[in-house]
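Written out below as structure tokens is the structure these notes cover.
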Amino acid sequence: MQKLHDLKEAFSILEIAQPQLVLGSAVAVGGILAYLLLKRREVKSIPIGEGWWGAGDKPLKEDEKIYPFEVQTSDKEIEDLHERIDRTRYSDTLENVCFHYGFNSTYLKEVVSYWRHQFDWKKQVAVLNKYPHFKTKIEGLDVHFIHVRPSHREGQRVLPLMLVHGWPGSFFEFYKILPLLTDTQNGLAFEVICPSIPGYGFSEAPHKQGFDTLAAARVFLTLMERLGFSQFYLQGGDWGSLITTNMAQKKPQSVKGLHLNMFTSRRGFKVLLSMLIGPYLPFLVGFTREDVRRLFPFMEKNIYEILRETGYFHIQATKPDTAGCGLNDSPVGLAAYILEKFSTWTDLKNRDLVDGGLERKFSLDDLLTNVMIYWTTGSIVSSMRFYKENLKTNIDNRVDSRTGIFVPTGLAAFPGELMHCPLSWAKIRFRNIQSYSYMSRGGHFAAFEEPQLLANDFIQFVKKVEKL
Amino acid sequence: MFTEVLVGLVIGGLIFFFVQRSRKQVLKREDGWWGTGAPPDDGEDFNIRPFQVTTNNEELEDLHRRIDQTRSVPSLEDSQFHYGFNSHYLQKVVSYWRHDFDWRRQVDKLNQYPHFKTNIEGIDVHYVHVKPKNLPEGTSAVPLIMVHGWPGSFYEFYGMIPLLTEPADPDDLAFEVVCPSIPGYGYSEAPHKKGFDSVCAAHIFHKLMKRLGFQQFYAHGGDWGWQITTNMAQMEPKIVKGLHVNFAPPSKPGLPMMLSVALGRRFPKLFGFTDADVQRLYPAVDKLVVESIKESGYMHIQATKPDTAGRGLNDSPVGLAAYILEKFSTWTDNSFRNLDDGGLTRKFSLDDLLTNVMIYWTSGCIISSMRFYKENFGKGLNQPHAKMPVHVPTGFACFPNELMHTPKLWVKQKYRKLKTYTPMARGGHFAAMEEPQLMVQDIQTFIKTLEKK
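Heads up: the protein sequence lines correspond to chains A and B, in order. For the first sequence, my numbering begins at 13 and goes up steadily by one. For the second sequence, my numbering begins at 439 and goes up steadily by one.
Structure, rendered in structure tokens:
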């Protein structure tokens with residue numbers, strides 16, 4: 013009571029003219045508090061939504077069973093491939109261009125010769141089948157995946173994990189990292205699910221328009237649910253990184269941790285400012301020396317390089333049916349198109365090499381197995397459509413771009429990745445970063461190229477999360 | 439004393455600046471060598487050899503076999519031509535190609551005009567050369583070079599050639615027409631060295647015309663043909679008597695252009711914008727930026743990775759047809775994207791369209807044709823020829839469905855002697871093939887204006 017009286021006195025002490033000042037500051041404080049409250053109440057998840065992508069109309073009931081699946085081939089398939097390879101009509105390269113005009117024709121002939129005479133597809137199919145494959149119908153589409161359990165479960169903590177690939181990759185990219193995750197022998201092991209994005213490889217392609225990363229995320233969430241996993245980890249790069257991010261945004265309560273080897277930030281004032289000041293006063297905008305080394309000179313590294321390397325992106329995001337049509341008839345054309353990325357996106361300097369440095373980090377058997385997945389399933393066109401489905405509307409205005417990611421996140425920044433994203437930028441969207449690592453080597457296809465490095469980073473991230 | 443010197447220097451500087459500006463710049467170009475290895479010691483082979491398009495059973499059987507082995511992928515439901523060439527309609531086109539299209543007959547049609555080849559700067563350059571058959575007494579034919587673009591060919595001009603060489607109206611001029619193939623396209627050999635851009639092509643075509651004995655001539659072009667003929671005019675303004683183009687995207691957006699985009703909607707009269715101009719330019723972001731992005735994917739990949747982009751197309755005739763014919767659909771009228779059949783046969787016959795595709799297929803030139811994009815754009819947009827104006831009398835035919843609309847003000851920024859600017863009644867990017875009569879009419883009007891002087 014006394015306090016109230018004091019307060020009243022204090023108030024009346026102020027001059028009559030001053031209440032406006034007090035009112036003004038009260039409004040200001042109130043405004044700031046309201047803003048902070050609203051910000052905290054910011055959307056932490058995005059709607060799950062629904063969809064159906066099969067041909068024609070949706071049936072009343074969907075088959076939810078999981079069927080085992082085996083990759084198969086036949087003599088006919090191999091003969092057809094050989095016949096087409098033999099009928100390739102090569103063009104001469106220009107003199108002295110290495111990989112600057114795309115996949116060098118001279119080196120292409122060497123790769124194709126190996127493919128024609130030494131590559132053993134039947135052997136590779138057996139390699140593919142060493143892990144159990146399955147298919148199940150979700151939202152009208154047959155979704156393919158492999159399910160790998162750790163070999164010994166005693167004395168291990170087994171955590172479920174989904175790995176999602178991108179373009180022009182496939183579930184096969186993970187075959188090197190799988191043993192490092194399922195057979196770790198240090199108390200922590202993973203039970204891994206590697207699906208194929210609908211439209212890629214052995215997963216059925218959507219028949220309706222609009223199948224974007226949000227739809228793929230929902231399909232994969234349904235898959236994990238159907239497999240009985242209520243909580244799990246996610247890892248992805250390329251499209252896989254966007255899809256897993258969407259999964260974490262749709263159902264954060266199920267995602268224990270999200271690990272990405274490719275990530276971007278939202279453009280905004282903070283990013284722009286740091287681009288301008290960064291080269292000169294990096295510490296001021298939260299850049300490390302490594303950030304500066306990877307980002308600048310900005311125009312050259314980011315704008316020009318991106319322009320040079322995104323022709324495929326542009327045509328696939330606008331005319332996928334045209335772009336992929338010829339590639340589905342010409343295995344050599346398909347190989348050149350896909351393998352050019354495995355060369356250039358591993359290290360941009362590979363463009364200066366006559367052989368594109370292709371076999372420095374990858375074996376021809378592995379590279380061609382990935383190409384064969386696209387060839388035998390005829391999925392190149394549907395794989396390209398994914399670009400258009402995601403970029404038809406301005407992706408920056410989509411609900412997931414405007415929403416943060418609040419699950420524990422681990423980011424692995426590989427030096428050869430197409431565009432570097434410093435921690436200070438990543439923090440704009442990823443609000444719960446537990447680990448950010450500058451990887452010592454490796455490019456875009458991290459799981460394929462540097463499985464040990466990626467596995468190590470992923471496991472240290474999971475250990476951090478599990479201790480929480 | 440000091441101030442006088444300073445003033446003198448400033449005035450002198452200004453005079454120098456204006457004199458430089460008014461002195462018409464000429465595009466310089468040295469001889470190149472595009473053959474394999476090093477140029478031979480014994481100089482160039484000036485021989486002109488007659489050439490005939492030929493085919494054989496083997497070629498046709500191979501084509502048919504490949505068509506039969508196409509692995510088609512169904513398009514998404516209700517997507518028309520928005521995702522590219524619709525697979526359902528593609529099957530219809532391919533079925534016609536496989537069973538009804540008569541390549542031998544088309545080859546005869548191609549051979550109705552005399553073809554030649556001659557070696558310039560190390561590569562065989564192909565061209566069609568048509569002289570008028572009946573020239574009235576005392577007149578001579580007006581020489582005219584017509585250059586095609588991508589994904590077209592010399593064949594695009596076949597509708598125009600008879601109208602130009604044998605005009606029905608006695609008051610019309612009779613032309614002697616030369617239609618070359620750009621090196622790397624069709625029956626012209628592809629350059630073996632890097633760097634063959636439009637300026638190099640222009641240089642070669644000048645040599646060709648000189649070799650054929652023409653001291654002066656007129657030039658016409660669209661698409662890359664526009665760029666090449668413009669370069670020809672910039673290189674030899676005295677030799678190119680007049681330049682007629684149906685496509686003229688601004689190469690260097692200057693201040694007048696920017697201002698007109700910003701203010702042209704409100705103050706059209708200030709910039710000489712007609713109602714048609716306003717309708718085609720605005721809303722600016724949609725029509726200038728978004729449309730360009732939607733339609734330039736091919737340009738982006740061809741200007742960066744042509745060898746990769748064309749690789750599959752040289753093995754798959756159906757893939758090649760889809761890639762090329764998509765342009766004949768969308769660039770004729772971009773509302774055709776909403777049609778299940780892409781409106782392809784509304785303006786063109788399948789025979790003509792497939793003949794053009796066959797030129798790319800039988801010569802295997804798709805990759806080299808794409809490289810032209812990289813050679814031109816790879817050097818950036820700041821090339822000397824892009825900044826240089828054109829002082830040769832120019833005629834511009836403005837077709838309503840052309841990819842990019844250029845109002846008179848923009849054309850005049852580069853073409854300082856614009857004599858005719860004709861809004862055409864109908865037609866799109868492939869105007870020569872789509873509306874040959876309208877095009878020839880405009881060429882006649884333009885050149886008659888010049889010849890009367």
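The beta carbon of each residue, even a glycine, is placed where N, CA and C say it ideally should be.
Inter-residue CB distance, residue i and residue j (contact presumed, cutoff 8 Å)
i	j	result
Gly345/A	Leu465/B	Contact doesn't hold; Cβ gap of about 38 Å is too wide.
Pro435/B	Phe484/B	This structure leaves residue 435/B out entirely; chain B is present only between 439 and 891.
Leu465/A	Gly455/A	With 8 Å as the limit, Leu465/A and Gly455/A do not qualify as a contact, their Cβ atoms being about 12 Å apart.
Phe810/B	Trp662/B	7 Å
Gly757/B	Leu339/A	7 Å
Leu548/B	Tyr593/B	7 Å
Phe275/A	Cys110/A	Contact doesn't hold; Cβ gap of about 31 Å is too wide.
Ile599/B	Tyr551/B	6 Å
Ala348/A	Phe115/A	4 Å
8 Å Cβ shell around residue i - same chain, five flanking residues per side excluded
i	result
Thr493/B	Trp541, Arg542, Val545 and Thr800
Arg53/A	Confidence is the limiting factor: at Arg53/A the pLDDT is only 49, short of 50, which leaves the residue's position unreliable, though a coordinate-based value still follows. Contacts found: none.
Burial state of residue i, where buried means 16 or more other Cβ atoms lie within 10 Å
i	result
His537/B	exposed
Met174/A	buried
Ser787/B	exposed
Asp713/B	exposed
Asp635/B	buried
Gly199/A	exposed
Ser578/B	exposed
Ile289/A	exposed
Pro501/A	The structure shown does not extend to residue 501/A, since chain A is modelled only from 13 to 480, so the question has no answer here.
Gly818/B	exposed
Phe281/A	exposed
Gln136/A	buried
Under 8 Å between C-beta atoms of residue i and residue j
i	j	result
Gly702/B	Phe685/B	no
Ile255/A	Thr225/A	yes
Lys331/A	Tyr521/B	yes
Ser807/B	Trp588/B	yes
Pro694/B	Gln851/B	yes
Lys812/B	Tyr450/A	no
Leu782/B	Leu791/B	yes
Leu681/B	Thr832/B	yes
Val531/B	Ala759/B	yes
Phe868/B	Phe766/B	yes
Gly213/A	His156/A	yes
His658/B	Met584/B	yes
Tyr853/B	Val878/B	no
Asp753/B	Arg101/A	yes
Closest by C-alpha distance to residue i, when choosing among the options
i	options	result
Lys475/A	Gly422/A, Ala459/A and Met431/A	Gly422/A
Tyr245/A	Phe131/A, Val170/A and Leu288/A	Val170/A
Gly651/B	Ile677/B, Pro629/B and Asp790/B	Ile677/B
Ser215/A	His177/A, Thr257/A and Ser286/A	His177/A
Asp104/A	Cys803/B, Tyr859/B, Val828/B and Phe539/B	Cys803/B
Leu296/A	Ser286/A, Asp303/A and Arg305/A	Ser286/A
Ile90/A	Phe442/A, Ile385/A and Arg363/A	Ile385/A
Met236/A	Gly222/A, Asp250/A and Val204/A	Val204/A
Residues near residue i by beta carbon distance below 6 Å, same chain, minus five either side
i	result
Gln328/A	Ala335, Met396 and Tyr399
Ser394/A	Gly211 and Ala217
Ala459/A	Glu185, Phe186, Ile189 and Leu466
Asn468/A	none
Beta-carbon contacts of residue i that lie in its chain and below 7 Å, excluding the five residues immediately before and after
i	result
Gln261/A	Ser57, Ile58, Asp412, Thr415 and Ile417
Gln446/A	Pro420, Thr421, Gly422, Phe473, Lys476 and Val477
Phe554/B	Ile486, Arg487, Pro488, Phe489, Tyr565 and His567
Glu627/B	Ile561, Asp562 and Pro621
Lys690/B	Ala824 and Lys825
Tyr596/B	none
His630/B	Trp472, Gly473 and Thr474
Val637/B	Leu465, Arg467, Asn669 and His823
Pro31/A	none
Arg864/B	Pro838 and Glu873
Ala639/B	Ile620, Pro621 and Ile666
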